[in-house]
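Asks: Handing you a structure now.
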Amino acid sequence: MHPARSAIGAGIALALTGLVTAWLLPDPSALPFLVAPMGASAVLVFALPAAPLAQPRAVLLGNFVSALFGVSAVQLFPDPLVAGSLGAGAAILAMQLLRCTHPPGGAVALFAAFGGDAVREAGFAFALLPVGLNSLLLVGLGIAFNNLAGSRYPHRAETASTASPRTSDQPAAERTGFSDSDVEAVLDRLEDRPDIEAEDLASLLRAVEAEAFARRKPLPLCFDIMSRDVITCRATDEIAPTLALMDERCVSALPVLDEKDHVIGLVPRHVLAPASQGTVREVMLKGACLVAVDRPAATLVPLLSDGVHHHAVVVWSNGTLAGLITQTDLLAGMRHLSEDE
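UniProt numbering applies: residue 1 is where the sequence shown begins, and numbers increase by one.
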């Protein structure tokens, strides 16, 4: 995310979190309505929304558990230094065991130890109010802001399994080479496991494989294998005649163009068929797979085998339609490549 955008989002979220918590606290003058570690949580949620440490489970459970251990240490040991050290250490251990590691949690435990009589008197309720409520509000605002700004939060790795048939078969991308479970097994064997989900790392490695493959020899480009005589529709077209056009021309999907001939989406037949009235704009898929004409065709293999995308819309540099690549086009292009070898 753009630095300025994440900074603005974090600032607004912290302000709203503090205001709402202050309004709900019975006595805002006793307990802090915004605990300092929330500033660190905001850095992760708004600046690094894809990081495992920033996910809702880590923020909510990590801060809550840490507050519990911090308060427990305060109740057992009157010396703040002893209570803070033991509480933070126990919180770190608990977060690792519960797989909800959130670095600001250590600060939450330390804050409980040095929070004075107000925290001591509040006892374990401190973990709920203000810590729990602060965390919940911050996560809720993070979900709203990040998704409006174009960053998916909570982060989910794009894997083929999400759209695969409900059978025991592995996703197509995992039937050759390595699978997500292979990556998970290797990560578990590492003494110092990096803070990355196996699915994210697997997606990254497959992209590296595709990039390395594309560098081996001159490969056909998307321009070389695309269909050029592409039937299209407009976003303002009615659904019924558009479906009739697809049936007449025996095509399974149509790129959707705006008034300037820019590609703005894709409408597959299975999306149009259930709709009886309305316009294409109402049902089209806005997340069409757009690729440049000079992109190596081989790099489309992960995209068109993910179980989600079945067509790649090829566009010129100005965003206008150049052609369309189906899974059949890609297979034919790869077959000719193997024959040349």
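Backbone N, C-alpha and C define an ideal beta-carbon position, used for all residues, glycine too.
None of these values were measured; they are calculated from a predicted model.
When the Cβ atoms of the region 128–145 are set against those of the region 10–25, are three or more pairs found closer than 8 angstroms?
Replies: Counting Cβ pairs under 8 angstroms, three or more are found: they touch.
Asks: In angstroms, rounded to a whole number, what distance separates the CA positions of A118 and D27?
Replies: Mapped onto the sequence shown, residue 118 falls at position 118. Mapped onto the sequence shown, residue 27 falls at position 27. If you take the alpha carbons of A118 and D27, they lie about 10 angstroms apart.
Asks: Please list the terminal residues of the continuous beta strand (DSSP E) segment that includes A122.
Replies: Counting from 1 along the sequence shown, the entry for residue 122 is found at position 122. From DSSP, A122 is part of no beta strand (DSSP E) but of the alpha helix (DSSP H) over 117–122.
Asks: Are the CB atoms of V315 and L321 within a distance shorter than 8 angstroms?
Replies: Here the question's residue 321 lines up with position 321 in the sequence shown. Here the question's residue 315 lines up with position 315 in the sequence shown. Against a cut-off of 8 angstroms, the Cβ pair of V315 and L321 comes out as a contact.
Asks: By alpha-carbon positions, which one of L31, V267, S151, L254 ends up nearest to P3?
Replies: For the purposes of this step, residue 3 is identified with residue 3 of the sequence shown, where counting begins at 1. Looking at the Cα atoms, S151 is the closest of the given residues.
Asks: Candidates D258, Y153, I225, M226: which alpha carbon is nearest R234's?
Replies: For the purposes of this step, residue 234 is taken as residue 234 along the sequence shown, with counting starting at 1. Selected option, being the one with the closest Cα: D258.
Asks: At what residue ranges does the region 227–259 contain a whole run of the beta strand (DSSP E), taking only runs of 3 or more?
Replies: Listed in chain order, the complete beta strand (DSSP E) runs (minimum 3 residues) inside the region 227–259 are 253–257.
Asks: May I ask which residues mark the beginning and end of the alpha helix (DSSP H) holding G70?
Replies: Numbered from its first residue, the sequence shown carries residue 70 at position 70. 56–76 is the span of the alpha helix (DSSP H), which, as asked, contains G70.
Asks: From A297, A91, V59, Q327, pick the residue whose C-alpha is nearest to that of L221; which is it?
Replies: The residue you call residue 221 lines up with position 221 of the sequence shown. Of the candidates A297, A91, V59, Q327, the one whose C-alpha sits nearest the C-alpha of L221 is A297.
Asks: Taking 8 angstroms as the cut-off, decide whether the C-beta atoms of V293 and V283 are in contact.
Replies: Taking the sequence shown and counting its residues from 1, the one referred to as residue 293 is at position 293. Taking the sequence shown and counting its residues from 1, the one referred to as residue 283 is at position 283. No, Cβ-Cβ distance for V293 and V283 is not below 8 angstroms.
Asks: If you draw a straight line from the alpha carbon of V207 to that of L300, how long is it in whole angstroms?
Replies: Against the sequence shown, residue 207 aligns to sequence position 207. Against the sequence shown, residue 300 aligns to sequence position 300. Sequence inspection shows Ala at residue 207; the Val mentioned does not correspond to that position. Straight-line Cα distance between these residues: approximately 10 angstroms.
Asks: Which of the three DSSP states is assigned to V313 in this structure?
Replies: Residue 313 sits at position 313 when you count from the first residue of the sequence shown. Reduced to three states, the DSSP call for V313 is strand.
Asks: Identify the continuous beta strand (DSSP E) that holds L265 and give its terminal residues.
Replies: Here residue 265 refers to the residue found at position 265 of the sequence shown. Sequence inspection shows Gly at residue 265; the Leu mentioned does not correspond to that position. Taken as a continuous stretch (DSSP letters only), the beta strand (DSSP E) holding G265 covers 263–268.
Asks: By how many angstroms is the C-alpha of E248 removed from the C-alpha of D188?
Replies: Here residue 188 refers to the residue found at position 188 of the sequence shown. Here residue 248 refers to the residue found at position 248 of the sequence shown. Those two C-alpha atoms are separated by around 54 angstroms.
Asks: Using 10 angstroms around the beta-carbon of T328, count the other beta-carbons present and answer buried if the total reaches 16, otherwise exposed.
Replies: Taking the sequence shown and counting its residues from 1, the one referred to as residue 328 is at position 328. Flag for T328 reads exposed.
Asks: Between the beta-carbon of S41 and the beta-carbon of A109, is there less than 8 angstroms?
Replies: Locating residue 41 in the sequence shown gives position 41, where the first residue counts as 1. Locating residue 109 in the sequence shown gives position 109, where the first residue counts as 1. Cβ distance not < 8 angstroms, so S41 and A109 don't count as in contact.
Asks: Residues in the same chain with beta-carbon distance under 7 angstroms from L303, minus the five sequence neighbours each way, listed in chain order, please.
Replies: Taking the first residue of the sequence shown as 1, we reach residue 303 at position 303. Correct list, in chain order: C289, H309, A312.
Asks: Assign residue 347 to one of three DSSP states: helix, strand, or coil.
Replies: The chain is shown only over 1 to 341; residue 347 falls outside these bounds and no answer can be derived.
Asks: What residue does the alpha helix (DSSP H) around L97 start on, and which one ends it?
Replies: In the sequence shown, residue 97 corresponds to position 97, counting from 1. Start and end: 80–97.
Asks: Considering only the alpha carbon of each residue, which of A7, L243, A36 lies closest to G105?
Replies: One-based indexing of the sequence shown puts residue 105 at position 105. The residue with the shortest Cα to Cα distance from G105 is A36.
Asks: Quick check for students: name the residue ranges of the beta strand (DSSP E) that lie wholly in the region 284–308, counting only runs of 3 or more.
Replies: The qualifying runs are 290–292.
Asks: Where does the unbroken alpha helix (DSSP H) through N147 begin, and where does it stop?
Replies: By one-based count along the sequence shown, residue 147 stands at place 147. Where N147 is concerned, the enclosing alpha helix (DSSP H) stretches over 133–148.
Asks: Is it right to say L98 is buried, meaning 16 or more other beta carbons lie within 10 angstroms of its own, or is it exposed?
Replies: Against the sequence shown, residue 98 aligns to sequence position 98. It is exposed - the Cβ of L98 has fewer than 16 other Cβ atoms within 10 Å.
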